[in-house]
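So for the sequence shown, the numbering used here puts the first residue at 622; every next one is plus one.
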Amino acid sequence: MKLKTLEMKLQRLAGFPHPRAALEQYQTPAPLAARLLYHAFMKGDIGGRLVTDLGSGTGMLAIGAALLGAVEVLGVETDESAIAVAGANADLLGVDIRFITGDMNDPSLPARIGTCDTVIMNPPFGAQNVHADRPFIDVALACAPVTWSIFNAGSIPFVTTYTAERAAVTDKVSGVFQIPRTFAFHTREVQEISVEILRLERIP
Ligand code: SAH
């Protein structure tokens with residue numbers, strides 16, 4: 622599938638009906654999601670792989686992975702209403718995805734997820750709850766040898782330090798996250814945030 626085709630398909634997905642600021646519920650814009658997925662695909666991390674989307678929200682990344690030929694996709698999300706939308710979105714594009722409710726801060730979560738080949742995620746950047754992204758990184762490293770994740774631009778020093786002996790950053794792709802006015806504290810119609818997509822490889 623061409624990048625543009627993937628992007629157009631993902632463009633059709635419904636967003637969060639009632640986005641919750643505390644959970645940093647921002648649907649990844651289709652072009653950025655397609656970019657992450659395509660790079661992961663080209664690296665051999667999607668096709669024929671078991672893929673888990675942490676904080677799957679309305680399913681943008683999970684559904685894209687299924688469209689690119691992941692053999693099995695699991696979405697993990699704390700908000701049940703988002704899971705309901707994600708299920709409808711998966712039906713819309715005709716892919717089969719298993720969604721479960723789970724909180725990244727629950728120590729029993731990695732065992733419930735089990736192991737997979739690749740984690741994909743757009744975790745909270747920690748704008749509402751400082752360090753909200755850390756449990757996502759921990760669960761990702763517990764479950765998969767490879768993780769593709771979106772971070773604020775300039776996060777490599779933090780990610781490298783935080784994952785220290787556990788993982789290495791092997792790839793970086795720059796991108797832009799366009800956030801339409803969603804919450805009362807947003808002052809602009811559209812805010813552009815520079816981001817980077819990082820690939821982490823677990824150190825055995
Ligand atoms: N992956 C989706 C959503 C990204 S927004 C996409 O790319 O469009 C971040 C998501 O993480 C939201 O759906 C939010 O509800 C979820 N989330 C935030 N904190 C969480 C936690 N502690 N455990 C599980 N999910 C969480």
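Don't be surprised by glycine CBs; every beta carbon is placed ideally from N, CA and C.
These figures come from a predicted structure and were not determined experimentally.
Mind reading off the beta-carbon distance from residue i to residue j? Whole number of angstroms is fine, and I expect it under 8 Å.
| i | j | result |
| --- | --- | --- |
| threonine 649 | alanine 765 | With 8 Å as the limit, threonine 649 and alanine 765 do not qualify as a contact, their Cβ atoms being about 19 Å apart. |
| proline 744 | leucine 675 | 7 Å |
| tyrosine 647 | threonine 791 | That pair is no contact at about 26 Å. |
Find the nearest neighbour of residue i within the set the options, judged by alpha-carbon distance.
| i | options | result |
| --- | --- | --- |
| leucine 644 | Val751, Cys737, Val740, Leu730 | Val751 |
| isoleucine 800 | Arg633, Leu627, Ala642 | Ala642 |
| leucine 688 | Val767, Glu813, Gly669, Pro756 | Gly669 |
| proline 728 | Ala703, Val760, Arg787 | Val760 |
| valine 697 | Thr808, Thr782, Thr679 | Thr679 |
| glutamate 813 | Ala683, Gly636, Thr626, Leu653 | Leu653 |
| valine 692 | Val706, Ile667, Gly715 | Ile667 |
Measuring only the C-alpha atoms, how far is residue i from residue j?
| i | j | result |
| --- | --- | --- |
| histidine 639 | aspartate 738 | 32 Å |
| glycine 685 | alanine 785 | 30 Å |
| arginine 615 | methionine 742 | With the chain covering only 622 through 825, there is no way to say anything about residue 615. |
| isoleucine 734 | arginine 755 | 17 Å |
| valine 740 | isoleucine 818 | 13 Å |
| arginine 809 | valine 797 | 16 Å |
| arginine 633 | alanine 703 | 16 Å |
Check whether the Cβ of residue i lies closer than 6 Å to any heavy atom of the ligand ADP, and answer yes or no.
| i | result |
| --- | --- |
| threonine 781 | You won't find the ligand ADP in this model; what it holds is the ligand SAH. |
* To do: Go through the region 661-741 residue by residue and report every complete run of the alpha helix (DSSP H) that reaches 4 residues or more, in order.
  => 681-688, 701-713, 730-734
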